[in-house]
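J.: So the protein lines, in turn, are chains A and B.
When you read off a place in the first sequence, starting at 1, and then add 61, the result is the number in the working numbering.
When you read off a place in the second sequence, starting at 1, and then add 17, the result is the number in the working numbering.
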Amino acid sequence: MFEDLRDLYQEVIFDHNRNPRNFYVMENYDRMVEGFNPLCGDRLTLFLKMDGNTITDASFQGSGCAISTASVSLMTEIIKGKTQAEAEDLFHTFHKITTGKSEDLQLEAVGKLAVLAGVREYPARVKCATLAWHTLDAALKNEQTSISTE
Amino acid sequence: MTYPIEKIRADFPILNEKIRNKPLVYLDNAASCQKPQAVIDSIVKLYSHDYANVHRGVHTLSVRSTDLFEAAREKVKTFINAQSEKEIIFVRSATDAINLIAQTYGKANIHAGDEIIITAMEHHSNIVPWQMLCEEKGAILKVAPMNMAGELLMPEFEALLNSKTKLISVVHMSNALGTINPVEKIIELAHARNIPVLLDGAQAIPHTPVDVQKLDCDFYVFSGHKLYAPTGVGVLYGKQALLEAMPPYQGGGDMIRTVTFEKSTYAGLPHKFEAGTPSIAEVIGLGAAIDYLNTIGMDKIAAHEAELLAYATQEALKIDGLKIIGEAKEKGAILSFTLGKIHPHDIGTMLDSLGIAIRAGHHCAMPVMDFYKVPATARASFAMYNTKAEIDVLISGVKNLIEMFG
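#1: Give a yes or no on whether the C-beta atoms belonging to Q54 (chain B) and Y43 (chain B) are separated by under 8 Å.
#2: For F86 (chain B), name the three-state secondary structure that DSSP assigns.
#3: Counting C-beta neighbours from all protein chains within 10 Å, is the total for P172 (chain B) 16 or more, i.e. buried, or is it exposed?
#4: Indicate the three-state DSSP secondary structure (helix, strand or coil) for I158 (chain A) in the structure shown.
#5: Find the residues of chain A that neighbour M421 (chain B), judging by a C-beta separation of less than 9 Å, and give them in chain order.
#6: Could you tell me whether the Cβ atoms of T404 (chain B) and Y183 (chain A) are closer together than 8 Å?
#7: At a Cβ threshold of 8 Å, is N179 (chain B) touching chain A?
#8: If contacts are defined as beta-carbon pairs under 8 Å, then T196 (chain A) and V94 (chain A) qualify, I think. What distance do you get, rounded to the angstrom?
#9: Please give the ranges of any alpha helix (DSSP H) in the stretch 133-181 of chain B, keeping only runs that are unbroken, at least 4 residues long and fully inside the region.
#10: Please go through the same chain and pick out, in chain order, the residues whose beta-carbon is closer than 7 Å to the beta-carbon of H77 (chain A), but skip the five residues on each side of it.
#11: Measuring only between beta-carbons, confirm whether Y183 (chain A) sits less than 8 Å from chain B.
#12: Tell me which residues share the same chain as K289 (chain B) and place their Cβ nearer than 6 Å to its Cβ, disregarding the 5 neighbours each side in the sequence.
#13: Does L100 (chain A) come within less than 8 Å of chain B when only Cβ atoms are used?
#14: Who are S281 (chain B)'s beta bridge partners in DSSP?
#15: Give the secondary structure of S129 (chain A) by DSSP, where H, G and I count as helix, E and B as strand, and everything else as coil.
#16: For S120 (chain A), return the contacting residues in chain B, with the cut-off set at a CB-CB distance below 9 Å.
#17: Starting from the Cα of Q122 (chain A), find the closest Cα among A:G96, A:E147, A:D68 and A:V180 and give me that residue.
#18: Note the first and the last residue of the continuous beta strand (DSSP E) segment covering I106 (chain B).
#19: State yes or no: is the beta carbon of M165 (chain B) nearer than 8 Å to at least one beta carbon in chain A?
#20: Answer yes or no: do N46 (chain B) and S398 (chain B) have a C-beta to C-beta separation smaller than 8 Å?
#21: So which residues of chain B does G125 (chain A) contact, with C-beta pairs closer than 9 Å?
#22: Name, in chain order, the residues that DSSP records as bridge partners for I204 (chain B).
#23: Could you work out which residue in A:M62, A:Q71 and A:F75 is closest to I359 (chain B) when comparing CA atoms only?
#24: Only counting the same chain, and skipping five residues up and downstream in sequence, which positions put a Cβ closer than 8 Å to that of Y328 (chain B)?
#25: Helix, strand or coil: which one does DSSP assign to M367 (chain B)?
#26: Compare the C-beta of R82 (chain A) with all C-beta atoms of chain B and state if any pair is closer than 8 Å.
#27: Please list, in chain order, the residues of the stretch 86-97 of chain A that have any C-beta partner in chain B closer than 9 Å.
#28: Look at D369 (chain B) and R37 (chain B) and say whether their C-beta atoms are less than 8 Å apart.
#29: Using DSSP with H/G/I as helix, E/B as strand and the rest coil, what is R104 (chain A)?
#30: Using alpha carbons as the reference points, say which of A:D103, A:T160, A:G125 and A:W194 lies closest to E147 (chain A).
#31: Indicate whether G167 (chain B) and G343 (chain B) have their beta-carbon atoms separated by less than 8 Å.
#32: Taking all protein chains shown into account, do 16 or more other C-beta atoms lie within 10 angstroms of the C-beta of E291 (chain B), making it buried, or fewer, making it exposed?
#33: If we cut at 8 Å on Cβ distances, does N116 (chain B) have a partner in chain A?
#34: How far does the beta strand (DSSP E) with Q257 (chain B) in it extend, from its first residue to its last?
#35: Across which residues does DSSP place M111 (chain A) in a beta bridge pair?
#36: From B:I341, B:I318, B:F107 and B:M263, pick the residue whose C-alpha is nearest to that of T394 (chain B); which is it?
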């Protein structure tokens with residue numbers, strides 16, 4: 062019945078929505094930032110453990126739609142072990158695949174995150190996928206304790 | 018006479034649209050209604066043959082536009098049974114109308130320590146203007162509570178009334194829950210204590226006949242776009258004596274009698290509150306929408322929608338895991354629901370892929386979402402042109418998406 066949505070709701074997304082990875086309140090975190098999308102009420106708290114410039118651990122709490130939950134779940138997996146600069150590069154590439162034109166997609170550069178590229182066809186849902194990354198960006202810059210997509 | 022559903026559907030050209038290759042099932046009417054051909058035609062005709070600015074020139078087109086504009090005011094007057102066309106003020110929206118009352122009636126009559134009463138189910142547009150006024154004046158905003166069905170608790174409401182209460186502003190029909198409030202009783206209780214009542218009719222007006230004299234409300238506000246008319250026009254009804262006593266809202270052209278650099282005198286009603294060039298085409302479009310609704314009859318529309326709501330509720334309750342938010346006994350054609358852990362935005366996107374337009378979100382009623390402890394709901398809202406067959410499409414879509422989420 063939902064054939065048209067297979068690009069957006071891939072099985073990986075359902076899997077991460079049902080069983081989010083790194084879904085717990087971290088003790089002894091180094092960074093904690095809350096991300097909020099007032100338009101749909103998505104709310105998440107991101108925790109990071111840092112060793113110098115390297116992210117050694119990441120976890121999250123919160124509630125949101127399947128796209129935002131899968132996005133943050135996948136993100137916490139992929140950023141572990143990355144340096145701040147590497148994570149920021151990944152954010153920029155991710156931003157391009159979720160908002161850019163399909164011809165210049167660099168899907169291979171984002172690995173597993175490529176499953177979220179489908180949101181580019183759904184402008185109203187792009188913020189769901191990018192909320193996690195904007196929250197990470199704020200956490201890495203260590204500027205704020207909460208961010209909003211509006 | 019049976020309800021002429023086929024004719025009505027044929028009158029709304031957008032209903033022929035295909036959305037993602039499926040026939041459009043438009044169930045987002047509480048956000049905004051679609052427009053009949055008669056309304057579209059009225060605007061095309063105006064701009065093609067009759068358009069000029071109103072209330073100004075002596076030339077033919079200005080006279081034609083002014084006549085059409087003032088005829089629309091007369092139609093609104095009759096539609097809600099106001100006593101005089103002086104009581105019909107054209108504004109930009111229902112929100113604009115509430116802000117107008119807060120900034121004129123409110124500023125003149127509400128002082129430090131005074132109280133304004135609203136309810137727990139208000140739209141942000143009937144919360145924020147009062148918060149702003151209370152902050153400015155040192156007045157207090159009181160919120161009458163509701164039960165889990167989404168019904169106003171009348172004893173608690175009555176207990177809030179006291180000598181400090183200067184205004185009661187209540188939604189006639191809730192956009193998030195569908196609840197129709199016992200406004201006659203509210204007005205009776207308020208008037209027994211000489212407290213004026215403002216009814217926010219944005220949601221009620223397309224669904225039920227409204228008679229402001231019978232209600233005896235002091236103010237009634239609504240927007241055109243939810244009444245099958247264009248955006249950019251709203252109506253403020255106020256009892257003439259109240260409007261006369263209120264200071265003007267915005268200053269400018271059209272609202273004055275004389276202007277010198279020392280002092281200006283203001284125009285009489287309704288122009289006192291209509292500064293600047295109004296939304297001419299939109300007002301005329303609102304007149305056309307009212308003409309169209311009168312050919313069907315608001316009572317027949319209300320009966321059709323009650324049937325749709327009863328059917329949708331009955332079918333929705335058969336779905337495991339579906340929870341209806343808003344189960345008031347007196348309820349308009351709105352079905353707000355949640356599906357356990359499936360987020361309303363996922364529901365919205367999935368139904369859109371089937372051509373079904375619903376609203377997913379907080380419906381500009383964040384306190385209502387907090388009350389039910391949900392971040393958002395999915396909301397299907399019905400209008401005069403919807404059918405049981407469309408509800409079947411919705412219900413089947415919901416069943417299938419639950420299966421997909423597993």
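Quick reminder that beta carbons are idealized off the backbone N, C-alpha and C, glycines included.
T.: From the atom records:
#1: Cβ distance not < 8 Å, so Q54 (chain B) and Y43 (chain B) don't count as in contact.
#2: Three-state DSSP puts F86 (chain B) in a helix.
#3: So P172 (chain B) ends up on the exposed side.
#4: DSSP places I158 (chain A) in helix when its eight states are reduced to three.
#5: Result: M62, F63, L66, Y70 and F75.
#6: No, Cβ-Cβ distance for T404 (chain B) and Y183 (chain A) is not below 8 Å.
#7: Taking Cβ atoms only, chain A never reaches closer than 8 Å to N179 (chain B), which makes this a no.
#8: Contact between T196 (chain A) and V94 (chain A) holds: their C-beta atoms lie close to 5 Å from each other, under 8 Å.
#9: Taken in chain order, the complete alpha helix (DSSP H) segments of 4 or more residues contained in the stretch 133-181 of chain B are 145-154 and 171-177.
#10: These residues qualify, in order along the chain: T130, A131, S134 and L135.
#11: It does; some Cβ of chain B falls within 8 Å.
#12: Only P265, M272 and Y283 meet the Cβ criterion.
#13: Chain B contact via Cβ: present.
#14: The partner list for S281 (chain B) (beta bridge, DSSP) reads B:V276.
#15: In this structure, S129 (chain A) counts as helix in the three-state DSSP scheme.
#16: Residues of chain B whose Cβ lies closer than 9 Å to the Cβ of S120 (chain A) do not exist, since the nearest Cβ in that chain is about 20 Å away.
#17: Closest option to Q122 (chain A), Cα to Cα, is A:G96.
#18: Run containing I106 (chain B): I105 to V108, per the beta strand (DSSP E) assignment.
#19: False, the Cβ-Cβ gap to chain A never drops below 8 Å.
#20: The beta carbons of N46 (chain B) and S398 (chain B) sit closer together than 8 Å.
#21: Taking a Cβ-Cβ threshold of 9 Å, the residues of chain B close to G125 (chain A) are H360, H362 and P392, in chain order.
#22: The partner list for I204 (chain B) (beta bridge, DSSP) is empty, contrary to what the question assumes.
#23: Residue A:F75 is the option with its Cα nearest to I359 (chain B).
#24: Closer than 8 Å at the Cβ level, and outside the excluded window around Y328 (chain B), lie K405 and I408.
#25: In the structure shown, the three-state DSSP call for M367 (chain B) is helix.
#26: It does not: the Cβ of R82 (chain A) has no partner Cβ on chain B nearer than 8 Å.
#27: So nothing in the stretch comes that close.
#28: The answer is yes: Cβ separation under 8 Å.
#29: R104 (chain A): strand per DSSP, three-state reduction.
#30: For E147 (chain A), the closest C-alpha among the options A:D103, A:T160, A:G125 and A:W194 is that of A:W194.
#31: Contact: yes.
#32: It is buried - the Cβ of E291 (chain B) has at least 16 other Cβ atoms within 10 Å.
#33: Answer no: the Cβ-Cβ gap between N116 (chain B) and chain A never drops below 8 Å.
#34: Secondary structure note for Q257 (chain B): it is in no beta strand (DSSP E), and the uninterrupted alpha helix (DSSP H) holding it is Q257 to A262.
#35: Answer by DSSP bridge pairing, in chain order: A:I116.
#36: Nearest in C-alpha terms to T394 (chain B), of all of B:I341, B:I318, B:F107 and B:M263, is B:I341.
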